[in-house]
Every structure is written in structure tokens, then in C-alpha cells.
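Accompanying notes for the structure given below.
Residue numbers (the working numbering): 1 to 140.
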């Protein structure tokens, strides 16, 4: 199982290169969709069943959303590929927290935006990703 952030990023880059060799990733984050992951962890396996793991990546051509394996923490299939203009308007409700930050992402085919929770180890990448998409700048 990939635990180190650098290893995870290499796996994401390899998955993108396999899907589209001409596309180049700029920034990737790991996001957990659903309620607060810390609270769901307290509920054990039942709580974990409410969470979906994703990797969100901004590339030269699109914003890619990979589903992530719960067991190996590797990127699986690309579930959404958003055009940059579409992705800019799909992000809302950015919130920074001590351990978990979040933002809402309107995914195609979903009736309402999906809450994406991002752990603090991914916060610099989250800030960069959201800055690229929305011009977001965190408060100092």
C-alpha cells in the first residue's frame, strides 16, 4: 500500500501517462468524499462505508478525478474528466480546518456538489489546485 505522498503522486502520474501519454499533470491531491473522515473512522467499518476515496489532478488538458483503491491506495479508473472551464465553476464552499479541510466539487451526473475532504498533509497541494482553478488564496 502506498503511504508516502511522493509514491502516491508517482502512481497518479503513471496512471495519467497510461491513459493519455500527451497529458502532463500539474498538481494532485487525495480527497475523501463524504462526511468528516475523522468522525467516520470512529464508527469503524460502518463509518468507512460512507466514504469514497479519490485523487483529483489538474493536467494540461483537464481536471481528472480518479477513484482510489481503499486497500492499496492506488489510482483506479478515471471517473470524471472535467474541462478546465467547467471545473472552475464546479468548485465551491472552500473551508480550511486544523486537520481536515474541504471543498465542494460538482461532479457530472450528481444532483448536488460532493464534499471533498482533504487531510492536512495534502493542504499545500490543495491550495495550489484550488488556486489554479478558482484563484483561491488562503488567509495568512
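Here a beta-carbon is modelled for each residue, glycine too, at the ideal position from N, C-alpha and C. Every value quoted in this text rests on a predicted model; they were computed, and no experiment measured them.
Is the beta carbon of residue i less than 8 Å from the beta carbon of residue j?
i	j	result
residue 68	residue 74	yes
residue 99	residue 120	yes
residue 141	residue 26	Examination of residue 141 is not possible in this model, given that the chain is present from 1 through 140 alone.
residue 130	residue 103	yes
Starting from residue i, trace the alpha helix (DSSP H) both ways and give me its first and last residue.
i	result
residue 143	As displayed, the chain neither begins before 1 nor continues past 140, which places residue 143 out of reach and without an answer.
residue 127	123 to 134
residue 71	First-last for residue 71: undefined, no H or E at that position.
residue 84	84 to 90
How many whole angstroms separate the CB atoms of residue i and residue j, which I take to be in contact at a CB cut-off of 8 Å?
i	j	result
residue 101	residue 123	6 Å
Excluding the 5 residues preceding and the 5 following residue i in the sequence, name in chain order all residues of the same chain whose CB lies nearer than 8 Å to its CB.
i	result
residue 3	73
residue 51	32, 33, 34, 35, 37, 40
Apart from the five residues on each side of it in sequence, which residues of its chain come closer than 7 Å, Cβ to Cβ, to residue i?
i	result
residue 19	78
By the DSSP assignment, the beta strand (DSSP E) with residue i in it spans what residues?
i	result
residue 36	Segment: none, residue 36 is in no beta strand (DSSP E) and carries neither H nor E.
residue 50	Unbroken run through residue 50: none, as it is neither H nor E.
residue 99	Run containing residue 99: none; DSSP gives neither H nor E here.
residue 112	From DSSP, residue 112 is part of no beta strand (DSSP E); its letter is neither H nor E.
Are the segment 26 to 35 and the segment 114 to 131 in contact at 8 Å, needing three or more beta carbon pairs?
Taking 8 Å as the limit for Cβ pairs, the verdict is that the segment 114 to 131 does touch the segment 26 to 35.
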